[in-house]
Each structure stands twice: as structure tokens, then as C-alpha cells.
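Heads up, the sequence shown is in the working numbering, so the first residue is 11 and it goes up one at a time.
Every residue, glycine too, gets a C-beta built ideally from N, C-alpha and C.
Here's the structure, in C-alpha cells; my notes come after.
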Amino acid sequence: MKIHYCDALVIGGGLAGLRVAVQTQEKGLNTIVLSLVPVKRSHSAAAQGGMQSSLANTVMGEGDNEDVHFADTVKGSDWGCDQVVARMFVTTAPKATRQLAEWGVPWTRVRKGPREVVINAQRTTIVEKEEAHGLINARDFGGTKKWRTCYTADATGHTMLYGVANRAIRDEVEIHERKELLRLIVEEGRCYGGIVRDLISGEIEAYVAKATCIATGGWGRIYRTTTNAVICEGTGQAAVLETGLAALGNPEAVQFHPTPIVPSGILLTEGCRGDGGVLRDVDGHRFMPDYEPEKKDLASRDVVSRRMMEHIRKGKGVSSPFGEHLWLDISILGREHIEKNLRDVREIAMTFNGIDPADPGPKGWLPVRPAQHYSMGGIHTKPTGESPDIAGLFSCGEAACWDLHGFNRLGGNSVAETVVSGMIVGSYMADYCRREELRINTRLVRESMEREEAQMRSILARPERNGMSIFDIKRRMQVIMDEKVGIFRSGDTLQEAVDELQELLKISQKVSVRYKCPKANPELEQAYRVPRMLKIAISVAYGALLRTESRGAHYREDYTKRDDLHWLKRTLVRWRDPEATLPEVDYEALEIMKMEMPPAFRGYGRKGQIIENPLSAKRQEEVEAIRKRLEAEGKDRFEIQEALMPFELPEDYKAKNERLGVGYA
Ligand SMILES: Cc1cc2nc3c(=O)[nH]c(=O)nc-3n(C[C@H](O)[C@H](O)[C@H](O)COP(=O)(O)OP(=O)(O)OC[C@H]3O[C@@H](n4cnc5c(N)ncnc54)[C@H](O)[C@@H]3O)c2cc1C
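Here's what the structure looks like:
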């Protein structure tokens, strides 16, 4: 029996996991990272468009700072996020971006002088300042007031992941690949690492650690049509759920991206519209300005996806053998721009659809339709990244509900979150490791390993049945999620989804596997993963069924208003009874009277779509009074912010950020 010991165990070697690992290792802690795949092939490598960070170097970002980024993020979340976390995030993001430059990420840079761009489908010339020459550039993205998304052409995730992975290698972080976390070792409310399966040898091993961080990415593969990689199956979150103690936060908050290409579902980055591309319908008409006159094609993702489906429902979609779709037109950006800044998009379009998007006019238009893209929900944590329920258990990145995104994540805020939360959560995790001793009875570890070994043997020993295979069950789950827990939701269909998923869970727990090899065996892997994925899927569907309002990406056709009176709260889902087919659901209030930015109109659609909470107006008055008083006393924006909503950060990150022309103001 192999038992590995370390101070800090990180499950997941994407951007978030590796960034946490660098942090704990640099603090002198022995750190091990586990990953299903070679870490540089983690899903983070697929991120295209960029990372939000209020550097304000480009002329189109002038006036940007933490306050503007904060306001965009809170509005983007439809007031569902934790505002303290949003403040921690926006304050640290510029430091993270600059640090990544130092680590070798080749950010696209500003070039001084005139430059042609496309804004609102019109060619325009902007003039970059002399003193900005060579600084990190930014492009426009959805739901933001300023051009804030730093990028490396359309391969941002790739370059960021290589930068962070190379740093981890330099720092001699131990990386163990082809390992899968099955279960956490939890005793008396404290986590001591995990039980892991080697995906090549099939061996069960234990990793015993002072602290464990789950950074296993999103759970997009519970849907059939998703932009997520095949490894995004939510098994890390399921391991947390199966402790019976810790909770998932807001599982029903699922993002659908407007522009995956049809039929493969591969994403075409929001950078396409950020750089000036537009959406068109069957008549070639640019329809988004009809619905959202202010932000048009660059309204936030939940809004654009809904408007696209609404437009298709009105008969304006384009028929195809793969269902109806709309067009994304980036041909208006010109060949030179596309070949330089959107070259991956072009390659995807040419490889999978035989279309060169730089060809002018309809010939270059790309078929697109919204698909599942991001999980705002995840492992519920405190702002330090630690679970409030299990000591020594941390989480960050897409796996977590830290909760930066609430009910809608802004494009570019996710890769930013991975590195920023990696820095912050890694610091708090290091503090925990320094504070705590590792004392655990090795009998407990051995017993946990034996239990997992017995479980594997019992799956292999199940008698042959003629019913559904594990692959059929998985496919059925994905179709249910697509059809009944999608962009438009309603009570009847959600209830059907919950019922059907519960049935599938029961079947999946008894499924037999035809191939009996205990080593590398995809069927066996699915046999233990799919029941866990079903628990996540049920949590998503059940959370959506219970939330009788519309907020951000969660849109109920039978409850179309955002209900701040009853639903300004975070869903918490726990799976206490291992035999149950439904989780227990609880809620945590978001306290309006502590918010820096109390709930208000988000700026999309028509007004009057909110069931107001009287506390919102009361807090708004209070905020305005505090602001007025402190301004009269000559306080600066940082002092006013601190008075409105104080927040903690590890010291290095609380420092002010410098910007061109304004210094540290
Ligand atoms: C196509 C696409 C484009 C995107 N573009 C952008 C963008 O431009 N800007 C932006 O901000 N966001 C973007 N996103 C979102 C962003 O890329 C992800 O949210 C982010 O990269 C997730 O990083 P992560 O480190 O949390 O997880 P991941 O990168 O998914 O890494 C998860 C890691 O966990 C490991 N793992 C999983 N389960 C287990 C297990 N059970 N045991 C052991 N290891 C496990 C995996 O091997 C992997 O190493 C995009 C997403 C997609 C799908």
C-alpha cells in the first residue's frame, strides 16, 4: 500500500491548482499536485480570450481601476456574488497579471500611435499614448465598462498555463500525473488528504497532508453540449459532496456561452465580439442592438445567450441538419486582424467547418449556438478559500464557489480568478499548514484505502446485465441536462429532470462493466465516475427547481423576476445520507446591509423586473451618506471603500496598484 506524505496536497493541475502549489511551495511547504492528465493539458489551456485586470494601459481602458472592475463584477453576477471576495479579487488581479509577465507570459502589448479597431461594427482609429508603448494591452469583453481583458492573441489560457506550470517546475513542486482523487480522508471535521487511484496501474494510493486544496475545474460534462474538455466531470466536487459535511454553493448557477461553433460545440472566444465581431440572424440582420441597445453584442453572457435563443424561437434562426443556429460575423475585422489576434478561432473554423472567417461577407460567417460553458457553483468556501465545514479543506478556481461570480461570470474573470485565488488561497493554506500539526492514525488511512479497493472489486464483480451500459447512462444524463436544465427553465421540466436523474443514479450504482481489467480501464472509470456526476447533476437540477426566481444565468420562465426579497441567498447543498437520491438544501443569506454596492437595476432588458428588497434602498442611502461625509473630509477612494466594506488580504496583495498617468491614486 503506497502512502505519500506532504504538507500541502493540491488536487488539480490547471491554472488554479498550479498557482496554489507555487504559493505553498515558495512558503517552504512540501507540496504535491495531482492531475488526471499531464498538467499542461489541463482544461485551462483551452482559454482563449483573456484575463480581466484593470491595468488601464490602453487608451480604451483609461479611467479603469479596482472600483470599476468591482462594479462590473457585482452587476455581472446579478448581485449574487460575495462582494468581499470581489474586492479581494479586483485588488489582486493587476499584481497577478504583472507577475505573470515576469514569469514569461507574452502578453500582447500596446503599440504607440494610431490603430484601427472596430467598435459597434464601424472601423475607427484610436491613438495609443507614447508612454503606453510596450505595456500590457487589453481588449473589450462582455459586460465591462472598459477595455480590460489582457490577452495573448486568442491563446491566453495556453500561455498562462505554461507560464505557471514552468514556475511550478522551477520551484520543484512535485507533480503526480494520471492520478484521480476518489475520496477525501476526513476525521472529526478535519481533512487529511485523499484516496487516489493511479489511472495506469489501477493501484489505490493514499496522499496524507496537513491541508488539501481541490482545484479540479468545472463540471461541464454533465451536459451533452458543452465547451468543456472531456476531463471536466466534477469528480473533485463530488468527493467533497460525498464527505456528507461540506457543501456545494449555488450549483444551479450554470453559464451558457453564446458562441460555440455548431455542430462541434468548440468555443469561439468572446474576444471575437470584444474585437468588434457581431451576431447575425437568418436574414443577415444584426439583431442584438434591437434587444440591448446599450451593450448590444457585448451584453453579459447570460443576456446574449438568452436573447439568441429568444431570436431563434421567433423564427430567425438558420436551419441546419444540426439544429437551428445564428451567425457570428468576424469578417468585418479584416484578414490581418483575424490572422494575428484570432488565429486559433480561424483554425478551429477552418478545421471543423471548412470556413475561413476572414473571407468577406456571408462566406466567412460562422454558425453558432449557445452551449454550457462554466460552473459558477462549486465547493462552498470562506473568503480564505477554506471550507467552513471541514478544517484543512480548501478549494479554488472553477471547482470552488468562492463566490466571485454569483449567478453570472464575466468573460475574462475566470482565468483571472484561477491565478488570483491561487495566490490568496495558497497564502491562507500555507498559514494553516504552518499552524497545524499532522497527527493521524495510519489505521484510518489504511482502512480508507481498503474500502476503495473493495469498492473497485465490487464494481468489477457485478453480474452481467442487459440493461443500460454506463455510457448509455452518462449520455442520458447529459441529454436530460441539455433539454431540461438549460438556458430556459421551468418548474415542470426541472421536476422531470430531477425525477429522471434520481432513477439514473439508482441504476448507475448497480451497473456492471463488461471489461474486467482492474488497470487502465475507461469503462471502470466511468462506472465510478458517472454516479458521482449524477449527484452533481441532481444538485444542479434540484437547486434550479427550488430557486423560484430568475437571476443571472438562472432563468425561470415561470418566475421571470429577480426576487431580492426572498432569494438574495446562496444555495448550499449537502449529501449527508449516502443512500439518498436527493441532497439536503440549505441557504445562506447575502447581507444587503453589509454590501458596498446594494442591489439595483443591472442595465439589461426593461426595468421593473425586480422584486425589490426594502433594505436595498436603505443601504443605498447609507452608502451615499458615508461617501458624501468622507469626501467632504477629503478622504480618498481607498479610505471610502474601507469604510463601506472592509476586507482582508494577505499583506503583499493589499498594496495599491500603479497606473499610467495617475500613479497610485
Ligand atoms: C473553451 C474555453 C475557453 C475559455 N476562455 C476563457 C477566457 O478567455 N477567459 C477566462 O477568464 N476564462 C475562460 N474560460 C474558463 C477558464 O478557462 C476555466 O474556468 C479555468 O481555466 C479553469 O481552471 P482551473 O484551474 O480551475 O481548472 P482546470 O484547468 O479545468 O484544471 C482542472 C485540473 O484538475 C484535474 N482533475 C480534475 N478532476 C480530478 C480528480 N478527480 N483527481 C485529480 N485531478 C483531477 C485535471 O486533470 C486538471 O489538471 C474558458 C473555458 C473554456 C471551456
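For R108, the enclosing alpha helix (DSSP H) starts and ends at Q93 to E112. With a cut-off of 8 Å on Cβ pairs, the stretch 58–77 is not in contact with the stretch 194–203, counting fewer than three such pairs.
Spatial neighbours of I271 in its own chain (CB-CB distance under 7 Å, excluding positions within 5 residues in sequence) are listed in chain order as L278, I358, A359, F362, N363, L376, P377 and V378.
CA-to-CA, the gap between R188 and P48 works out to about 7 Å. Going by DSSP, K12 is part of the beta strand (DSSP E) stretching over K12 to I21.
Boundaries for G153: no beta strand (DSSP E) harbours it, and the DSSP string shows neither H nor E there. In this structure, the beta-carbon distance from V183 to V32 falls below 9 Å. A residue is called buried when at least 16 other Cβ atoms come within 10 angstroms of its Cβ; T135 does not meet this threshold and is exposed. Relative to ligand 1, M655 has its C-beta separated by 8 Å or more from all heavy atoms.
The continuous alpha helix (DSSP H) containing Q505 extends over residues G501 to S518. Within the DSSP secondary-structure output, F266 pairs in a beta bridge with Q382. The three-state secondary structure of L192, taken from DSSP, is strand. Per the coordinates, the alpha-carbon of G388 lies some 23 Å from the alpha-carbon of P609.
Rounded to whole angstroms, E427 and P473 show a C-alpha spacing of 46 Å.
Residue pairing by DSSP places A401 opposite R200 in a beta bridge.
The C-alpha of G86 is placed about 18 Å away from the C-alpha of R149. The criterion of a C-beta distance shorter than 9 Å is satisfied by I146 and W117.
Apart from the 5 residues on each side of it in sequence, Q465 has no Cβ closer than 6 Å to any other Cβ in its chain. Residues R188, K529 and A530 of the same chain have their beta carbon placed closer than 8 Å to that of I210, with the five preceding and five following residues left out of the count.
CA-CA distance, T237 to E631, rounds to 43 Å. For N238, the Cβ falls inside the 8 Å cut-off from some heavy atom of ligand 1. For the pair V127 and G286, the CB atoms are nearer than the 9 Å cut-off. Proximity of the beta carbon of I210 to ligand 1 is not indicated: no heavy atom of the ligand is located closer than 8 Å. A Cβ-Cβ distance of about 4 Å is found for the pair L25 and S54, placing them in contact under the 8 Å criterion.
The nearest non-hydrogen atom of ligand 1 is 8 Å or more from the C-beta of N531.
Annotated as distal: R561 and G501, with beta-carbon spacing of 9 Å or more. Less than 9 Å divides the Cβ of M439 from the Cβ of E396. Counting only residues of its own chain and dropping the five nearest sequence neighbours on each side, C160 has a CB closer than 6 Å to the CB of G60, M61, S63, T107, W117, I146 and A148.
Taking a contact as a CB-CB distance under 8 Å, the pair V521 and A537 counts as one, their CB atoms being some 6 Å apart.
DSSP places C443 in the helix class (H, G or I) of the three-state scheme. In the three-state reduction of the DSSP assignment, V550 falls in the helix class.
Counting the other Cβ atoms within 10 Å of the Cβ of E457 gives fewer than 16, which makes it exposed.
Counting along the chain, no alpha helix (DSSP H) covers G73, and no H or E run does either.
In this structure, the beta-carbon distance from F332 to P372 does not fall below 9 Å. In this model, R290 and R296 are separated by some 4 Å (Cα to Cα).
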